[in-house]
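Residue numbers for the sequence shown follow full-length UniProt numbering, beginning at 1 and rising by one.
In this text, a Cβ means the ideal position worked out from N, Cα and C, and glycines have one as well.
In what follows, a structure is listed as structure tokens, so that the remarks can point back to it.
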Amino acid sequence: MMKGLKKWRLFTLLTALTIFLAGCGQQEISTLLPAGEVAKDQFNLLLLSSGIMLFVILVVVIIYVIALFRFRRSKLGEDHMPEQVEGSNVLELVWTVIPILLVLLLAVPTVYYTYKLGNVTAMGAVDDDGNAENLVVDVKAKLYWWEFDYPDLGVTTAQELVVPMNEKVYFNLIAADVKHSFWIPAVGGKLDNNVENVNKFYLIFEKDSRDLEEGVFFGKCAELCGPSHALMDFKVKTLTRAEFDEWVLAMQATEGATADKASADQGEAIFAESCISCHAVSGAGDPAYLGVDHAGAVGPNLTTFGDRNRVAGFMDHDEDSLKKWIADPQKYKPGNTMPAFDHLSDAELDALAGYLMGLSVEK
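So, in structure tokens, the structure goes:
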């Protein structure tokens, strides 16, 4: 008997611990620590719905406990029959009206925020000179990486989204192969990247990512898309508007940059021989892939590779991890489309990794 009680105590303790730990998380990826207006609106809806559910649970539990103790057999005897309330107009009215009020209490703000957060009419707004008034980013999801194109700025990057703070950033979402889903947990809810159509929404980034432990927000694919779905990550850097404009100018300044097979830098020469057909080292360009049938770039743009904090989205950002990835990408991210370069010698891998780590636009 005592052993059974101890087991139940342990189970109860572990259950309570699980509930408490569910509320913990890293700020850069936690939905419970909202870092933008959209995330805050959605978090408030979460609190409201949770409060309503908790209210219903408490009412049911209280009624159950009262009935359990007040009408227990040991107190009232075997033959006691409680007062029958069948057909009571008061009770019928109570359990009809209260659920309706609770549904309305949840439905009204939900519908309001659904339309508010889905309003992208300002996405194409232009000023008197024909310049875009709002930042628009075209997001293409692929197996298993992300491409970010800034069509009005002529800038393209991959795996790392860079955005200004405290303003609406509009997104066009599409997929190149299978369905994916774009999600930055701390900043807003997910929206699907489909192959056949473009989804649109906006987010507002209110927190400086440099205040976070790793200096970035974490983004995820939230739709099961293949064997490496769990490894399909991207990062988000938030900057002030002035800093963002400087970043854009630095990216535009890379226009025309390429790798030379005849370079004295062995790493650059290897890159030009083996990698340049799939990977660009210029961040200036216009993939114009929202024509749905356009596949976009073959491989991730590497212009800012040295500025990232991960290799392949999830590995440590150092030369050792990079060399392992180059030599055998299938080992670390099964199903991706990058071929293995296991024919390269250690010296060649060292040179190539050093070249890639030197690709940077940040001062």
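Coil, strand or helix - residue i by DSSP
i           : result
K142        : strand
S360        : coil
K331        : helix
I184        : strand
V195        : coil
Y355        : helix
V90         : helix
residue 365 : Outside the displayed range of the chain (1 to 363) lies residue 365, so it cannot be described from this structure.
T303        : coil
D316        : strand
residue 392 : With the chain covering 1 to 363 only, the question about residue 392 has no answer from this structure.
Top-ranked residue by Cα proximity to residue i, from the options
i    : options                : result
I276 : T303, Q252, M251       : T303
L212 : L239, D41, P227        : L239
S209 : G188, V163, S274       : V163
G267 : I326, G283, V236       : I326
L135 : E348, S345, E147, L153 : L153
K269 : V61, L344, F234        : Correcting the residue type first, residue 269 is Ala in the shown sequence and not Lys. Nearest of V61, L344, F234 to A269, Cα basis: L344.
A186 : S50, S49, F205, N197   : F205
A312 : V103, E37, I52, W146   : W146
S360 : M251, L203, F271, M53  : M251
Contact belief for residue i with residue j at Cβ below 8 Å, rounded distance in angstroms
i    : j    : result
D328 : A340 : 5 Å
N193 : A253 : Incorrect: roughly 30 Å between the Cβ atoms, too far for contact.
M232 : Y170 : Not quite, the Cβ-Cβ distance comes to about 22 Å (not below 8 Å), so this is no contact.
L106 : I52  : 6 Å
Cα-Cα separation between residue i and residue j, rounded to whole angstroms
i           : j    : result
D129        : V137 : 21 Å
P82         : F71  : 8 Å
D127        : G335 : 45 Å
F148        : G189 : 18 Å
T337        : R308 : 21 Å
P99         : V90  : 15 Å
G358        : Y332 : 23 Å
residue 438 : G299 : Nothing about residue 438 can be reported from this structure: the residues present for the chain run from 1 to 363 only.
K235        : T157 : 12 Å
R241        : V103 : 42 Å
The stretch 303–321 contacting the stretch 168–176, beta-carbon criterion three pairs below 8 Å: No contact exists between the stretch 303–321 and the stretch 168–176.
Can you find at least 3 beta carbon pairs, one from the stretch 22–42 and one from the stretch 217–231, that sit closer than 8 Å? Contact check between the stretch 22–42 and the stretch 217–231: three or more CB pairs, one atom from each, fall below 8 Å, which counts as touching.
Okay, do the stretch 35–48 and the stretch 108–126 touch, 3+ Cβ pairs below 8 Å being the bar? Output reads yes: the stretch 108–126 touches the stretch 35–48.
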